[in-house]
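What follows is a single structure, written as structure tokens, with notes after it.
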Amino acid sequence: MDFDPQFWVQILIYAVSFGVVYGQITTRIKYLEQKVDKHNEVVERMAMAERDIKSAHRRIDEMREELP
């Protein structure tokens, strides 16, 4: 079974095209992972800030109760 050189060129072009698309997809996935990491960091910081604010409000309320 002998293949035409045009067949091999076409296979090579398909392989290179696949590699380019695969590279673009992995790059986009890495970029999205970075964005998700930043988002998760913001969510964690907001949870800590909410906890601290709640604690501060509680202390303020306790101080108000102690004042005559």
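Just add 2 to wherever you are in the sequence shown, counting from 1, and you've got the working numbering.
Note that CB positions come from ideal geometry on N, CA and C, so glycine has one too.
No experiment lies behind these values; they were computed from the predicted model shown.
- Linking MET65 to LEU34 through their CA atoms gives a straight-line distance of about 46 Å.
- The alpha-carbon separation between GLU67 and HIS59 amounts to approximately 12 Å.
- Counting only the Cα atoms, SER57 lies some 11 Å from MET50.
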